[in-house]
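First up is the structure itself, then whatever we jot down about it.
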Amino acid sequence: MALREQPDVSAPAGIAVEARDITRRYGEGQTAVDALRGVELEVTSGELVAVMGPSGSGKSTLMHILAGLDKPTSGTVSIAGTEITTLSDSKLTRLRRDHIGFVFQFFNLLPMLDAEENVVLPLTISGEKPDRAWLDSLLQQMGLGDRRRHRPSELSGGQQQRVAIARALVTRPTILFADEPTGNLDSKTGGEILDLLRASTDAYGQTTVMVTHEARAAAIADRILFLADGLIVKELRSATPADVLAVMSGLQ
Amino acid sequence: MIKVALKGLAGRKLRAALTAVAIVLGVAMISGTYVLTDTIQSAFGAVFTTVYKHTDAIVTGNSAIGRNNNSPTLPPSFSESLLGKVQKLPGVEEAQGGIADYAYLVGRDGKVISGHGAPPLAFSVHPHGDQRFNPLELTSGTWPAGPHQVDIDAHTASKDNYKVGETIGVVARGAEQTYTIVGIVQIGGVSSLGGATMTIFDFPTAQKVFHKQGRLDSISIAAKPGTTPAELVHEIKPLLPAIAQVQTGQAKAQQATKDTGGFLSIIRDFLLAFAGVALFVGTFVIANTLSITIAQRTRELATLRTLGATRRQVLGSVLVEAFAIGALASVAGLFLGLGLAKLLNKLFVSLGIDLPQAGTVFATRTIVVSLLLGTFVTVIAAMRPAIRATRVPPIAAVREGAVLPESRFARFSAVTALLTIGGAIALMLLGLFVGNLSTTNRLLAIGVGAAAVFVGVAMLAKTLVPPLASVLGWPGRRYGGAAGNLARANAMRNPQRTASTASALMIGLALVTLVSVLAAGLKARFEGAVNAVFRADYALTATDNFSPIPVAPANALSKVGGVTIVSGVRGGEGRAFGSRINLTGVPGDISKVIFVDWAEGSQAIPSKLGWNGAFVSKDYATAQHLAVGSPLDVETPTGGRLHLLLRGIFAPPKGGSPYGDVTISARRFDAAFQNPQNIYAFVDMHGGVTAANTARLTAALKSFPEAKIATESQFKHNQEQGIDTLLNLLYVLLSLSVVISLFGIVNTLVLTVFERTRELGMLRAVGMTRPQVRRMIFGESIVTALIGASLALPVGIVLAFMVGRAIKYAAFTLPWGQLVAFVFAAVIVGLLAAILPARRAARLNVLEALQYE
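Protein chains in written order, with our numbering: chain F, 1 to 252; chain L, 253 to 1105.
Structure (structure tokens):
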């Protein structure tokens, strides 16, 4: 648990994630592809940031690097004041466990565990006991109060994604990464999920970075970053879906 | 379609290879068995052909009660006067008499040089006579001449480093004598016949040491030019007494080869039975592996259907894939068998069965049987998964997370399983207990029944997996944290898969349990019998615990001060009521050292047998409808007829009888048999068992190294060594099946890890460490193996109980220590099986795993 006690006091207060001059190159020589070409980014605590961009713009790569799932070719990333690009696998695993939550497009729940077991899985893995009150309020918030003992196969897609969000929030991570969280849902259900993400930031001050290609999704964010050809080309604050679409059509 | 199937196979090399391992090992066992036994057979054939090359005809002793290849008893010798008559025949150019018997060589340590279960052969030669009949060749030195010289075989000479000019001890009929080695010999081009020691005397010395003055064991004859071997045999035949026979040299060589062939075919069938078990386990592994791969390819198969492939084509593509795997695996197994043959031979040597070998024989039959069987078994095992594959609907191609539809019969599975088990047990009971079945039918019923029991239990296993995994996974859940908990949940997640994987292990472990429980039962009964029977201070037996011993050592012990009784049980074979019986002979005082219950008569019967008296076991009396006073005619190997009167009937203890079917007085026995031998003898001394008494008896046996004394507990222990040796051999052979099922667990886990790639990525993403991932896989593997063990132990115990009841000689005793050891063995199997899959799972790149489709 060393990392949890370790947040660097010298780090600028209120900065959850900080990325400096990130580049990411895949392959070598003639066939090399530059997915990111020098991205600068800061996410303040309590902020909901959406990353948008057309296919191949590098938005997924950026998120993977910010979350420590991939390493940049150059540049630095720090989460809660800890420089993560040079961490060993086990330290990185600890960091993920203590500071990062994930929501995936395909939910990725364990089919043999029920909803509540899936939610507390990160705590189970790190050998911690869940805080009952927090868990109850979280499940209530996610509308899963009466679905605790249901297996994923007995839940709808939207309910499964709610379980996944609860699983991401249960550790009260420094930052939550959501990768196309509505990509696999119909529009009504997707809307409910977006409301939940917005609500978690508003209610718990949950710092969130969401990668999406849906204008409607981006519109819930406090700040929208537009990525094209590996660079952040535009930034909007509190935009409507129409604003987002306008920017996007300009990029394509 | 075939192209698609084969390309798919090429694209899944690891999976194909893992599937193939089970078949490779099973086929290797078959091919190895054939190669080994063929090689030995051909070596023997070559030896015998060489040995009888210049012999046109040969006269040998002929047991009046018929030949028995499995008996170590030598045929009777005949009068030397026959030689003179044969020599005078017009067609005979040359005829030479010979002696063949058993004699032990004694090493420098004063102990008998072991022939590793092969008999200690002894031959005579005529150093100054015609050498054309001599089966031996000198590799150094000269032929023995005179009463103080011998030659020994090259195998012993090189193994124990004996050279010409050194002395060596030899035990023939009486006490050990010392001889000078004057030559080293080989036979038919090989240094030894299956590890048998050879002692060569000159002819007169051989007659003397084996107490065969005026007698012969063989006459080798060469025909005059113009006389064919067949004509020669025809000329000789009228001269022969009943206890001698004549054959052409060629016929004798063929017969000798056939005799060893009979012995070899027992070994071959024995090994093939284990190869069959291994392949049977292999079919479980293959069926399971293919089921998993097909489940994982649901979307791919559905895509094929949307592209217009028919169900028949889907079935065909799966079977073609299985055929290709089976054929390739069989070829690999065939050649691996060549290596395995050498390993099997080493196994037999280490257990004391040394077989001669020359050039490796790789027969066409070996190739055909190995390839056909391996391929056939694979295709059969693929049938069920292939049929399931045809039920994949085309819509599955576009559906996220589509799963293979359940079999239509799935919901009847528990009932079907119970019916199968019931039928299987009924079939086994039929084979075990119903009278008048031929041995083949009996073994077939038991074998098929046992196989069906395994199939039935495997079917039932699906239902048993969730509760078993829940219980067996409890320690992991309690002490293994999240990893242990997930391991347990994973094991219960797909009950069918876990059940099939565990069932493969169940078969091997159940058979191991069966033999271990049976062996424990045999030992318990045997010990009970010895406890009931043994009334002496010491027993006298052969050093190897099982060979009969000459009477001389017992006579030597009777001269030791303080000895009050030495009473031995003579053993031999005879024929009564048209069938072969074990005939024993006892002195009048045997009841003082051996106690048996009497159904008719009393402990005094042995002392009242006289010349014509006999007693029989209760079973024999019942079988032949005998009562006290019944006449009883017994034929001896030398053609004598003993007209006996039944004086008593004894009831032997269940664990074995100290006496044969029919017992006569030792005096009568010694008169009827050429070379009377004791199976064992018993000794009483003043003071009973004491260190001093033991030392005195041991000292008296100094010149009889083929014999040793034992106290009651030593005697039991010694006699049980045979059971232990057999048990170890069975364990080693069954371990092949366990190894195959281990690969089955590896297969399942590798495929499961592969299938759960994205899930593992998620677990790592939410903070599971690599060691935790490894622990999770190890946990699942161990739980699976333990499920196998917990199915295996009850099945093995039930089978042992049934077989034990049938063979009567086994009590029902559970060897707890060994059963616990088998559970630990299962845990070790689980640990070994998880190494590779756990490493793969832990090494998954989190990002790639998360994006994995």
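Beta carbons are placed, not taken as given, at the ideal position from N, Cα and C, and that holds for glycine.
Residue pairing of ALA16(F) in beta bridges, as defined by DSSP: absent, with no partner found. Listed along the chain, the chain F residues whose CB falls inside 8 Å of the CB of GLU1011(L) are ASN108 and LEU110. Listed along chain F are MET112 and LEU113, each with a C-beta nearer than 7 Å to that of ALA741(L). For the options ALA424(L), GLY708(L) and GLN548(L), the alpha carbon positioned closest to that of VAL644(L) is the one of GLN548(L). Contact of LEU1015(L) with chain F is assigned, a C-beta pair being separated by under 9 Å. What THR1021(L) touches in chain F, judged by beta-carbon distance under 7 Å, is SER90 and THR93, going in chain order.
For GLU487(L), the enclosing alpha helix (DSSP H) has its first and last residue at 481-488. Listed by position along chain F, the residues whose Cβ is nearer than 8 Å to that of LEU1099(L) are HIS64, LEU69 and ASP70. About 17 Å separates the CB atoms of ALA1086(L) and LEU1015(L); that is not less than 8 Å, and the two are not in contact. Your pair ILE1034(L) and GLY996(L) does not check out as a contact, with CB atoms roughly 15 Å apart and the cut at 8 Å.
Within the stretch 130-201 of chain F, the complete alpha helix (DSSP H) runs of at least 4 residues fall at 132-141 and 157-169.
The alpha carbon of LEU48(F) has as its nearest neighbour, out of GLU128(F), LEU196(F), GLY145(F) and GLY250(F), the alpha carbon of LEU196(F). At least one C-beta of chain F is nearer than 9 Å to the C-beta of ARG745(L). For the pair VAL17(F) and VAL209(F), the CB atoms are nearer than the 9 Å cut-off. In this structure, SER472(L) places its C-beta atom within 9 Å of the C-beta atom of GLY501(L). Nearest CB-CB separation between GLN1024(L) and chain F: below the 9 Å threshold. Of VAL287(L), SER410(L) and GLY362(L), the smallest CA-CA separation from LEU592(L) is found for VAL287(L). Taking a Cβ-Cβ cut-off of 7 Å, the neighbours of LEU121(F) in chain L comprise VAL1018, given in sequence order.
When C-alpha distances from ARG822(L) are compared across PRO928(L), ARG740(L), ALA474(L) and ALA784(L), the shortest belongs to PRO928(L).
THR1004(L) sits in a helix when the DSSP states are folded into three classes. Interface with chain F (9 Å Cβ-Cβ cutoff): ALA648(L) is excluded. By the criterion of a C-beta distance shorter than 6 Å, ALA751(L) is surrounded in its chain by ALA713, LYS714 and VAL717, once the five residues flanking it on both sides are discounted. When secondary structure is reduced to three states using DSSP, GLY626(L) falls in the helix class. Under the DSSP definition of a beta bridge, ILE310(L) partners with SER472(L) and GLN499(L). Per the C-alpha coordinates, the member of SER60(F), LEU110(F) and THR73(F) positioned closest to HIS150(F) is LEU110(F). PRO883(L): member of the beta strand (DSSP E) spanning 883-887, first to last residue.
Put simply, the CB of SER156(F) is far from chain L, with every gap to its CB atoms at 9 Å or more. For the 9 Å CB-CB criterion, LEU66(F) and PHE177(F) form a contact.
With respect to chain F, the C-beta atom of GLY733(L) has a partner C-beta closer than 9 Å. At the C-beta level, GLY417(L) and THR432(L) come within 9 Å of one another.
By the neighbour-count criterion, in which 16 or more other beta carbons inside 10 Å mark a residue as buried, ILE193(F) falls on the buried side. If you ignore the 5 residues before and after PRO883(L), its C-beta comes within less than 8 Å of the C-beta of HIS895, LEU896, LEU897 and LEU898, all in its own chain and listed in chain order. Neighbours of LEU1102(L) across chain F, judged by C-beta separation under 8 Å: LEU69, PHE104 and ASN108. Contact between MET758(L) and VAL990(L) does not hold, since the beta-carbon distance rounds to 10 Å and is not under 8 Å. Look at ASN688(L) here: in three-state DSSP terms it is coil, with no helix or strand label. Checking the DSSP bridge columns, you'll see SER376(L) partnered with PHE453(L).
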